[in-house]
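Numbering (my numbering), first residue to last: 9 to 426. To keep things clear, I will list the structure first and then write my remarks on it.
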Ligand code: CA
């Protein structure tokens, strides 16, 4: 696929993240009510205003004057395609509608971006082969790095929707119960090993019925789009609490997502297969067609007042399990999925040292501090800003996600002070 040209000139630059091919879905406000918009070049198209004026019409009435995309998602894949087609027509080079659309372009630089959807529930997986092997090696040794179930099942845990925040939200270093190798007894302290996890998030746009599992193909149809996702993780809390039921407080501080949902249609040209299976999967997990995407990812770390260092570069195509496989597996129990469910992919690490999607791996458990501008890091220091970026490279255009960023602010002096 090549660049779709728009009369919004900035959208035609080959490296701009928001060309007409992208049209990602966000929620924005100026000094007024948050509402639905799509990014196009350096602007946001105010979809709520266009719907109100009747320039855009969707079946089911007004879906875009609300501060979330859930109503559009609920309307189903035919409406998703309809909306994209209408907006593409309005913004295409030579469009006869330019005069009525142009007043509803808002400069992106002046807008506030909000969480793009109401997160109904949040599940996080552990589906990156390199990440699972690296972490397993550190925690249990290379012999037992991958748990015996890992090549057969997408491992996950149920997270908290309430902890999901939009890019730019500061993240306070948490306190928690820890017990290090030198501690005779557990203690309650600010996390000293606070970390990121570079992930993609799949946004579920269609529900499933309680009691009825879905196939991988059906699961793919249910997904509305994808965001960047940083699953902040307190490694010292995790190490003490994680057996036998998995992470709990270590992962509950915050999960940051990028402000734009990139719809599946925009990613279609970048579809790619999961890696070769090391063990055959049970039929219900087998993919009828490619279900991953070729998305180049990077992580930047910026100390307070300093320059950014890119500390990792990897690709979403490294995942062993795709989001449709994870979603299909999620429903095997009969668990119902809802509009607005968010699925974290699991940390995306590549095979090389500079492709590791967490500081835990980059510093090998703190044993090998790595260089950043003005010093070194093993784990995140106070006032560091961590930024995730992702992009797909098409023929003369780029599909970007917008940044997924968060600054880690110091722990409370005393979390129980009243
Ligand atoms: Ca995670």
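Where is the CB? At the ideal position from N, CA and C, for every residue including glycine.
Residue i and residue j closer than 9 Å at C-beta
i	j	result
residue 414	residue 173	yes
residue 164	residue 132	yes
residue 219	residue 336	no
residue 392	residue 310	yes
residue 35	residue 122	yes
residue 381	residue 315	yes
residue 379	residue 317	yes
residue 10	residue 408	no
residue 202	residue 242	yes
residue 76	residue 348	yes
residue 100	residue 12	yes
residue 72	residue 59	yes
residue 416	residue 137	no
Three-state secondary structure (DSSP) of residue i
i	result
residue 217	coil
residue 210	strand
residue 351	strand
residue 82	helix
residue 202	strand
residue 92	helix
residue 313	coil
residue 11	coil
residue 328	coil
residue 102	coil
residue 335	helix
residue 428	Nothing can be reported for residue 428: it is not among the residues displayed for the chain, which extend from 9 to 426.
residue 357	coil
residue 109	helix
residue 87	helix
residue 289	coil
Rounded Cβ spacing between residue i and residue j (contact assumed at less than 8 Å)
i	j	result
residue 428	residue 105	Not covered by the structure: residue 428. The range shown for the chain is 9 to 426.
residue 14	residue 49	7 Å
residue 130	residue 264	Incorrect: roughly 12 Å between the Cβ atoms, too far for contact.
residue 329	residue 135	4 Å
residue 51	residue 113	4 Å
residue 143	residue 351	Contact flag wrong, Cβ pair sits at about 20 Å.
residue 287	residue 159	4 Å
residue 355	residue 206	6 Å
residue 183	residue 198	5 Å
residue 332	residue 231	7 Å
residue 371	residue 353	That belief does not hold up - the Cβ atoms of residue 371 and residue 353 are roughly 22 Å apart, past 8 Å.
residue 146	residue 373	5 Å
residue 66	residue 47	Rounded, the Cβ-Cβ distance is 19 Å, inconsistent with contact.
is_contact[residue i, chain D] using C-beta, thresh 9 Å
i	result
residue 368	Checking the listed chains, one finds no chain D in this structure; it contains a single protein chain.
DSSP beta-bridge partners of residue i
i	result
residue 320	307
residue 343	Bridge partners of residue 343: none, in fact.
residue 231	212
residue 414	394
Unbroken stretches of the beta strand (DSSP E), 3 residues or longer, contained in the segment 233–286:
Whole beta strand (DSSP E) segments, 3+ residues: 263–265.
What are the uninterrupted segments assigned as alpha helix (DSSP H) that are 4 or more residues long and contained completely in the segment 28–79, given in chain order?
DSSP assignment within the segment 28–79 yields the following whole alpha helix (DSSP H) runs of 4 residues or more, N-terminal first: 55–60.
Please give me, in chain order, every unbroken run of the beta strand (DSSP E) with length at least 3 that falls completely inside the segment 359–409.
Listed in chain order, the complete beta strand (DSSP E) runs (minimum 3 residues) inside the segment 359–409 are 378–380, 383–385, 393–401 and 406–408.
Runs of 3 residues minimum, wholly inside the segment 111–144: which ones carry the beta strand (DSSP E) assignment?
113–115, 120–122 and 129–133, all fully within the segment 111–144.
So within the segment 149–197, which uninterrupted beta strand (DSSP E) runs reach at least 3 residues, ignoring any that extend past its ends?
For the segment 149–197, whole beta strand (DSSP E) runs of length 3 or above, ordered along the chain, are 164–166, 172–174 and 183–186.
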